[in-house]
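This report concerns only the one structure given below.
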Amino acid sequence: MEVLDASAFIHDYTTDEPTATIPLVREELEDEAGYRFDALEGAGMRVHIPDAETIERVERAARDTGDDGKLSRTDVRLVGAAFELDATLVTDDYAMQNVAETLDVDVDVIARAGIDERRDWQFQCQGCGRTFDDQRDRCRVCGSDLERKRP
Ligand SMILES: [Zn+2]
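For the sequence shown, position 101 matches number 83 in this note's numbering, and the numbering has no gaps at all.
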């Protein structure tokens, strides 16, 4: 089973696998993409609502990878749906891919090449330049602001 994000409908992604998505995706779609959602739903696409426990688990994973600020409510629930349905998440969003991989959710891409491995963000101090793996508001050495960067 494949869980589709909004861009799958926008880019007219097609698959032979059974499909699923979440109700919030429909709200992001307009015109043609919305009709494609309705057509797929009519053809048996599962519209799934992940439970609160799973959503919390995804949010925790996103905090661990430093992606929590980049995921919308919809994104978190899509990852959660793929997790619960043991499905492959179809998305081009790097933050979602990153979080999905920490939860052992398989990811497939629509347009772009996927990431090879999970990227853990690093946080660099704007004062002393030290980098830290864990997210916090201030440098534990000099107290300056931290900024997220790619390792
Ligand atoms: Zn510092």
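Glycine included, every Cβ here is placed at the ideal spot set by N, Cα and C. This structure is a prediction, so every number in the text was calculated from the model and none was measured.
Check: residue i C-beta below 7 Å from any heavy atom of ligand 1
i, result
"Gly109", "yes"
"Glu89", "According to the sequence displayed, residue 89 carries Val and not Glu. It does not: the Cβ of Val89 is nowhere closer than 7 Å to a heavy atom of ligand 1."
Same chain, Cβ closer than 6 Å to residue i, five either side skipped, listed in chain order
i, result
"Arg8", "Phe19"
"Arg132", "none"
"Thr113", "Gln104, Gln106"
"Thr73", "Asp(-13)"
Outcome for residue i when other beta-carbon atoms lying within 10 angstroms are tallied against a minimum of 16
i, result
"Asp86", "exposed"
"Val61", "buried"
Cβ shell of residue i (< 7 Å), same chain only, five flanking positions each side left out
i, result
"Thr84", "Ala43, Asp46, Thr47, Arg100"
"Leu67", "Met(-17), Val(-15), Ala2, His30"
Residue span of the alpha helix (DSSP H) that contains residue i, given as start and end
i, result
"Arg42", "34 to 47"
Residue from the options whose Cα sits closest to the Cα of residue i
i, options, result
"Arg59", "Val40, Cys110, Lys52", "Val40"
"Glu14", "Arg28, Ser54, Ala69, Ile(-8)", "Ile(-8)"
"Ala77", "Arg118, Thr1, Val89, Asp68", "Val89"
"Gln108", "Gln117, Asp116, Asp115, Cys121", "Cys121"
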